[in-house]
Amino acid sequence: MFFILSKILAALFSPLSWIFILLIWRYFSKSPLLKKRLGITAVILLIFFTNNFIITKITVAYQPKQTVFTDSTQYSCGILLGGMAGYDKNDEGFFNANADRFIQTVKLYHQKRIQKILVSGGSGSLVHRKYREAVFLQKELIASGVAPQDIILEDASRNTYENAIFSKKIIDSIHLKPPYVLITSALHIPRSERIFKKAGFTDFVIYPCNYLTVEPKVDIDYLLIPQAEALYKWEKLLKEWVGMVAYKLTGKI
Numbered sequence: 006m007f008f009i010l011s012k013i014l015a016a017l018f019s020p021l022s023w024i025f026i027l028l029i030w031r032y033f034s035k036s037p038l039l040k041k042r043l044g045i046t047a048v049i050l051l052i053f054f055t056n057n058f059i060i061t062k063i064t065v066a067y068q069p070k071q072t073v074f075t076d077s078t079q080y081s082c083g084i085l086l087g088g089m090a091g092y093d094k095n096d097e098g099f100f101n102a103n104a105d106r107f108i109q110t111v112k113l114y115h116q117k118r119i120q121k122i123l124v125s126g127g128s129g130s131l132v133h134r135k136y137r138e139a140v141f142l143q144k145e146l147i148a149s150g151v152a153p154q155d156i157i158l159e160d161a162s163r164n165t166y167e168n169a170i171f172s173k174k175i176i177d178s179i180h181l182k183p184p185y186v187l188i189t190s191a192l193h194i195p196r197s198e199r200i201f202k203k204a205g206f207t208d209f210v211i212y213p214c215n216y217l218t219v220e221p222k223v224d225i226d227y228l229l230i231p232q233a234e235a236l237y238k239w240e241k242l243l244k245e246w247v248g249m250v251a252y253k254l255t256g257k258i
């Protein structure tokens, strides 16, 4: 139930959905005054949510800074959270925009910073439940030079909470000692870090990847010109905020 509810909430908390609803409401409204107010509100929301300067400032403040290892500490395991790959209609696996998680994990492994890789990710789809992201990632890790015996598979989880719970059970069952490295998107770190602590992970460092945005050099496009990509960034950020609240209300963080 929580899995389905989280999907519904994520769809509702989309600025583009809000604007669309206002425009539909305006279309069917019989009141000229209400039509005017709804139109003005829709335009204001569109201007606000397509401004790159606003979303960048908020996102940069929310995302944790990059992790830079300054000592020679080796970690027994890098826990790689899914959300970076999918399958097409021909059941062929492919990477998405979050693939930097994969790249950084492989880099940490070949630098001998992490000794093993636990890949956590099943199917996050309400419909296509047979797909297992971790299985695809396992094949890609092997193709990237990771030894098969150094890959630990967790392919049942559907969300971050299950990532943490199922990963903890596996790590405990094979007696893999800490410290660990938690590898996921920078925007996802604040929520996942809290969830993993709640699940019983006490000794791990975060390793944020594929930053949604960074502070760019200031120019006219950045400050004033509406950008469609800003809507996408807002959807990603709001999804994290909604997830944080939902998990807190259900006691998962």
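Quick note: the sequence shown uses our numbering, first residue 6, plus one each step.
The beta carbon of each residue, even a glycine, is placed where N, CA and C say it ideally should be.
Next on the checklist: By the three-class DSSP mapping on this structure, what secondary structure does Met32 have?
Outcome noted: A small correction: the amino acid at residue 32 is Tyr; Met does not occupy that position in the sequence shown. Helix at Tyr32.
Item to check | Cα-Cα separation between Ile119 and Met249, rounded to whole angstroms | outcome: 28 Å
Item to check | Beta-carbon gap between Ser128 and Tyr136 smaller than 8 Å | outcome: yes
Checklist entry - On the three-state DSSP scale, how would you describe Leu21? => result helix
Next on the checklist: On the DSSP bridge list, what partners appear for Phe99?
Outcome noted: Gly91
Next on the checklist: Helix, strand or coil for Ile60? Go by DSSP, reduced to three states.
Outcome noted: helix
Checklist entry - Between Val210 and Thr72, is the Cβ-Cβ spacing less than 8 Å? => result yes
Item to check | Euclidean distance between Cα positions of His180 and Gly205 | outcome: 14 Å
Checklist entry - Between which two residues does the alpha helix (DSSP H) carrying Phe74 extend? => result Where Phe74 is concerned, there is no enclosing alpha helix (DSSP H), given that its DSSP letter is neither H nor E.
Checklist entry - Any idea which residues DSSP pairs Thr189 with across the strands? => result Pro213
Next on the checklist: Given this structure, state the Cα-to-Cα distance separating Phe141 from Gly98, to the nearest angstrom.
Outcome noted: 6 Å
Checklist entry - So, using beta-carbon positions, are Lys238 and Thr110 closer together than 8 Å? => result no
Checklist entry - Which class does Gln109 belong to by DSSP, given the choice of helix, strand or coil? => result helix
Next on the checklist: Let's test the definition: count the other Cβ atoms within 10 Å of the Cβ of Gln154 and tell me whether it reaches 16, buried, or not, exposed.
Outcome noted: exposed
Checklist entry - Just how far apart, CA to CA, sit Gly83 and Leu123? => result 6 Å
Checklist entry - Does DSSP classify Lys203 as helix, strand or coil? => result helix
Item to check | Spatial neighbours of Asp208 in its chain, beta-carbon cut-off 8 Å, leaving aside the 5 residues before and after | outcome: Pro183, Pro184 and Tyr185
Checklist entry - Are three or more beta carbon pairs between the region 221-232 and the region 51-64 nearer than 8 Å? => result yes
Checklist entry - Buried or exposed: which applies to Ile26, given that a residue is buried once 16 or more other Cβ atoms fall within 10 Å of its Cβ? => result exposed
Checklist entry - CA-CA distance, Val219 and Thr61? => result 7 Å
Checklist entry - Since Pro20 contacts Pro213 with CB under 8 Å, what's their CB separation in whole angstroms? => result Contact doesn't hold; Cβ gap of about 24 Å is too wide.
Item to check | Reference Lys121; option with closest CA among Gln143, Glu138, Ala102 and Asn103 | outcome: Gln143
Checklist entry - Does any residue of chain B bring its CB to less than 8 Å from the CB of Phe209? => result The structure shown contains no chain B; it is built from a single protein chain.
Next on the checklist: Is it buried or exposed, Gly256, if we count other Cβ atoms within 10 angstroms and call 16 or more buried?
Outcome noted: exposed
Item to check | Run of the alpha helix (DSSP H) containing Gly248, from where it starts to where it stops | outcome: Ala233 to Leu254
Checklist entry - What whole-angstrom Cβ distance do Ile24 and Leu50 have, given they're in contact under 8 Å? => result 5 Å
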